[in-house]
Amino acid sequence: MHYIYTQSLPSDSKEFIHLIDKAKSHDNQNWLIAESCIEAYKLAEHLCAPIFRAAINNHFIDRWSKGLADMDIFDKQSLIRIAFQGITGERVLLQFLVDRYCEVWRLENMYEQNAEEHLPRKSLLRCVRRYCELQNVPQEGKQERCYLEHVNEGGKEACAKLHMRWDEEAEHGFFE
Ligand SMILES: [Zn+2]
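Numbering (our numbering) for the sequence shown: 11 to 186.
This is the structure we're talking about:
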């Protein structure tokens, strides 16, 4: 909304994040914040604003583990649908959403059994590959995945986690 009214982005990423969090109010606050982050991420990508894009991504990842993830499976599916419409495949945010979804997808009710009908094909392909990795690659002692977008010089090198390398041809992100 800030952008619509002012045709500008706030110069400070913290201010921008503040605007996202205060953008709307609703009972399902977590979903609204998450959805706003994803829409803002798309805007940052559209505007070719990598610093803002990284700020939104990193804010989202941080908030997810601090309570933002507290929403039902249907909301998580809708976030995947929104994210896969417009965010380019190489962005680690998409893989983050898929990886988290694979951890909570259960076949305990009909809707979840039929979840594949409600998810974009490209996200399902990633789910299948993720299950394949979990099944076939020993996870014990495996380094954690990093879902941050490192923008500072040397940030990635200083981070001990695995980072995604996007293979355009395979349409797959390898964590190495
Ligand atoms: Zn990292």
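Beta carbons: idealized from backbone N, C-alpha and C, even for Gly.
As the structure is a prediction and not an experimental result, all values here were calculated from the model.
heavy atom of ligand 1 below 8 Å from residue i C-beta
i, result
"GLY165", "yes"
"LYS152", "no"
"HIS69", "no"
"LEU158", "yes"
"CYS169", "yes"
"HIS173", "yes"
DSSP-derived helix/strand/coil call for residue i
i, result
"ASP85", "helix"
"LEU78", "helix"
"TRP176", "strand"
"HIS182", "strand"
"ILE221", "As displayed, the chain neither begins before 11 nor continues past 186, which places residue 221 out of reach and without an answer."
"GLN105", "helix"
"ILE14", "For ILE14, the predicted structure reports a pLDDT of 49, less than 50, and the residue's modelled location is therefore unreliable. A value from the coordinates is still provided. In this structure, ILE14 counts as helix in the three-state DSSP scheme."
"ALA65", "helix"
"GLU163", "coil"
Supposed close pair residue i, residue j - CB separation, criterion 8 Å
i, j, result
"GLU159", "ARG63", "7 Å"
"VAL102", "SER133", "VAL102 to SER133, Cβ: 14 Å. No contact."
"ARG91", "LEU129", "7 Å"
"ASN124", "MET81", "Their Cβ separation, rounded to whole angstroms, is 19 Å, which puts ASN124 and MET81 out of contact at 8 Å."
One or two residues paired with residue i in a DSSP bridge
i, result
"ARG155", "LEU172"
Outcome for residue i when other beta-carbon atoms lying within 10 angstroms are tallied against a minimum of 16
i, result
"GLU167", "exposed"
"SER46", "buried"
"CYS137", "buried"
"HIS56", "exposed"
"PHE94", "buried"
Chain D within 9 Å of residue i, Cβ atoms only
i, result
"ARG116", "Absent from the structure is chain D; it holds one protein chain and no more."
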